[in-house]
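Residue numbers (the working numbering): 1 to 299. Idealized CB from N, CA, C, for every residue including glycine. This report concerns only the one structure given below.
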């Protein structure tokens, strides 16, 4: 089951970055995110009722559901959608790899989990790899400020995502299932998105073209309902640090799709950068074994 959840998460979330690209256009970013999670909530509620997984919980649980909705189903995706306006969606997925580092640090802060030395080495590989991946973008269009905005927004969205992971760990300790927490969190996230749209006074337009509608339904059903349920089930099973290792394959899938559909060009620099990021994630997956520790010779 754990392997199945890993494969499902990678397959779905590796492709959602391109779907986000097709959400950009004449529809306001926050409105598109509102449509996505409004539709996902409409799917999630009857599903939870059908499976008899619904539970109101305590007042404290509801506060945490709201916080999870803000971190996982609204603010983080506002950042990701805006970031995709400035940099290719595949690069946004690469920056999402920072979830591994964020989860390790936040796990230390919130749950006193020890941060091992290999985490810092893996993080160094990741930072250098990101710099190499971004370098060609800056040289090609000479718009370093635009690239920096995209990177900053993607990194901020990933931080919100990590906070949501920490809340999911709390839910697991309280015996709350991912389906139950997702339903409440998506509801609260949708309400928050609606409030932001109303305050900003943006029109609730609908995107032109089949790409917008198809990608929206894909993001709602697969990217949100199925993808998040699979991922948060992993968090419950193996912890946020290990679950975040699914990000190791996101860049490969997402950048390949960006090259096909967004005109992303591979260079020697970007290839080396991706290799370093994958190496950093490999260190995280294997907890530094076969790299930082000498092999034990048995006679």
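Distance, Cα to Cα, residue 172 vs residue 238?
Taking the chain shown and counting its residues from 1, the one referred to as residue 172 is at position 172. Taking the chain shown and counting its residues from 1, the one referred to as residue 238 is at position 238. If I take the Cα positions, the gap works out to 11 Å.
Using a threshold of 8 Å, state whether the C-beta atoms of residue 83 and residue 154 are closer than that.
Residue mapping note: residue 83 aligns to position 83 of the chain shown, counting from 1. Residue mapping note: residue 154 aligns to position 154 of the chain shown, counting from 1. Taking 8 Å as the Cβ cut-off, residue 83 and residue 154 qualify as a contacting pair.
To which residues of the same chain is residue 170 closer than 7 Å at the C-beta, ignoring the five residues directly before and after it?
On the chain shown, position 170 is the one that residue 170 refers to. So the list reads 64, once near-sequence residues are dropped.
Measure from the alpha carbon of residue 106 to the alpha carbon of each residue in 167, 151, 81, then state which is nearest.
Position 106 of the chain shown, counting from 1, holds the residue named residue 106. Cα-wise, what sits closest to residue 106 is 167.
Look up residue 11 in the DSSP assignment and say whether it is helix, strand or coil.
Taking the chain shown and counting its residues from 1, one reaches residue 11 at position 11. Residue 11 falls in the helix class under three-state DSSP.
Would you identify the three-state DSSP class for residue 114, choosing helix, strand or coil?
As a working mapping, residue 114 is identified with position 114 in the chain shown. If DSSP states are grouped into helix, strand and coil, residue 114 belongs with coil.
Under three-state DSSP, which class holds residue 299?
Here residue 299 refers to the residue found at position 299 when the chain shown is read from its first residue. For residue 299, the predicted structure reports a pLDDT of 39, less than 50, and the residue's modelled location is therefore unreliable. The matter cannot be settled from this model.
Contact between the stretch 38-48 and the stretch 223-232 is defined here as three or more beta-carbon pairs at a separation below 8 Å; is this criterion met?
A contact exists between the stretch 38-48 and the stretch 223-232.
Alpha carbon to alpha carbon, what distance is there between residue 120 and residue 277?
On the chain shown, residue 277 is found 277 positions in, with the first residue counted as 1. On the chain shown, residue 120 is found 120 positions in, with the first residue counted as 1. One C-alpha to the other measures close to 13 Å.
Rounded C-beta distance between residue 258 and residue 90? I'm assuming under 8 Å.
Position 258 of the chain shown, counting from 1, holds the residue named residue 258. Position 90 of the chain shown, counting from 1, holds the residue named residue 90. Going by Cβ atoms, the distance from residue 258 to residue 90 rounds to 3 Å, so yes, they are a contact pair.
Which runs of the alpha helix (DSSP H), 4 residues or longer, sit entirely within the stretch 207-231?
Listed in chain order, the complete alpha helix (DSSP H) runs (minimum 4 residues) inside the stretch 207-231 are 210-218.
Less than 7 Å between C-beta atoms, sequence neighbours within five positions excluded: which residues of the same chain meet that for residue 80?
Your numbering for residue 80 matches position 80 in the chain shown. Within the same chain, residue 80 has close Cβ partners 20, 92, 154, 157.
Restricting to Cα atoms, I'd like to know which of 60, 196, 193, 162 is closest to residue 109.
By 1-based counting over the chain shown, the position of residue 109 is 109. Of the listed residues, the one whose Cα sits closest to residue 109 is 162.
Give me the Cβ distance between residue 133 and residue 94, rounded to the nearest whole Å; I'm assuming they're in contact under 8 Å.
Counted from its first residue, the chain shown places residue 133 at position 133. Counted from its first residue, the chain shown places residue 94 at position 94. Confirmed, Cβ separation roughly 6 Å.
Nearest by alpha-carbon distance to residue 178: which of 55, 218, 18 is it?
Locating residue 178 in the chain shown gives position 178, counting from the first residue. Measuring from the Cα of residue 178, the nearest candidate turns out to be 55.
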